[in-house]
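For the sequence shown, numbering that gives the first Met the number 0 assigns the number 0 to the initial residue and increments by one for each residue that follows. Glycine residues also receive a C-beta, built at the ideal position from the N, C-alpha and C atoms. All remarks here apply to the structure that follows.
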Amino acid sequence: MIIAIVAVFGLLLIASVPLIIFSTVKVTVTIEHSRAVEELQIDVKALFGLLFYSTAIPLKELLESGEEAIKDKAEETTFKGDIQELLKLFKKTHGAKDAIQFILEKTSVRKIQWETNFGMTNAANTAVGAELLLNAKIALFALLSHYSNLLTVPQLIVTPIYEMKTIQTYIKCMITFKLGHAMIAVIKLMKSQKNIQGT
């Protein structure tokens, strides 16, 4: 009886491996910067919606922690130390290039919405700034479409606000990839880091 239960459990486990590997991971990133809200929200769904993770991080907190880390780093290191850190970082990023390129190729971008309200005190400057901002957005997503599967037409909106000086933005991006592809990318990354440490 126990052998039969173990055998059934083993078969179920073997049958579930392909389901796990070929299951889709859906990641939705929302960034909002306005007078009312300053927040980064990340939602992750995996294993056909059985696993769900959501987190919201205040942008102010995120920016402050980044600034503190940069300040501490600047105080600690010398010019010689900076060059060594830069070389180390270059080696790491160069080694991770294959893993990053692989996961980007296997990633599908399914939704992009990026709305910005932009205003300066001068109407002419506002019009020029809004146009430059829109062109920068278009260039960024043209580059993104080259490295990943862009399956949607991005909603890129820049609204000029002539009455006051302001910049408010709302970004929503949804990407999907297979869990198996993420596992392969992690293995590639670990191999590259191991090779760097070995040299």
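Inter-residue spacing [alpha-carbon to alpha-carbon] between residue i and residue j
{"i": "residue 45", "j": "residue 22", "result": "7 Å"}
{"i": "residue 6", "j": "residue 179", "result": "25 Å"}
{"i": "residue 10", "j": "residue 16", "result": "10 Å"}
{"i": "residue 152", "j": "residue 158", "result": "19 Å"}
{"i": "residue 96", "j": "residue 173", "result": "23 Å"}
{"i": "residue 202", "j": "residue 116", "result": "There is no way to answer for residue 202, as the model of the chain reaches only from 0 to 198."}
{"i": "residue 100", "j": "residue 142", "result": "13 Å"}
{"i": "residue 118", "j": "residue 131", "result": "13 Å"}
{"i": "residue 3", "j": "residue 47", "result": "29 Å"}
{"i": "residue 193", "j": "residue 185", "result": "12 Å"}
Proximity of residue i and residue j at Cβ, strictly below 8 Å
{"i": "residue 103", "j": "residue 147", "result": "yes"}
{"i": "residue 175", "j": "residue 24", "result": "yes"}
{"i": "residue 136", "j": "residue 150", "result": "no"}
{"i": "residue 171", "j": "residue 110", "result": "yes"}
Which residues DSSP lists as bridging residue i, in chain order
{"i": "residue 169", "result": "31 and 114"}
Proximity to residue i [Cα-Cα], best of the options
{"i": "residue 98", "options": "109, 188 and 113", "result": "188"}
{"i": "residue 32", "options": "56, 26 and 48", "result": "56"}
{"i": "residue 108", "options": "27, 169, 134 and 119", "result": "27"}
{"i": "residue 58", "options": "106, 142 and 35", "result": "35"}
{"i": "residue 134", "options": "13, 113 and 119", "result": "113"}
{"i": "residue 177", "options": "106, 60, 49 and 4", "result": "106"}
{"i": "residue 164", "options": "30, 140, 121 and 20", "result": "121"}
Contact test: residue i Cβ vs the ligand ZN heavy atom, cutoff 7 Å
{"i": "residue 126", "result": "Looking for the ligand ZN in the displayed structure turns up nothing, as the structure carries no ligands at all."}
Could you tell me whether the stretch 124 to 134 touches the stretch 170 to 184, where touching means 3 or more Cβ pairs closer than 8 Å?
no
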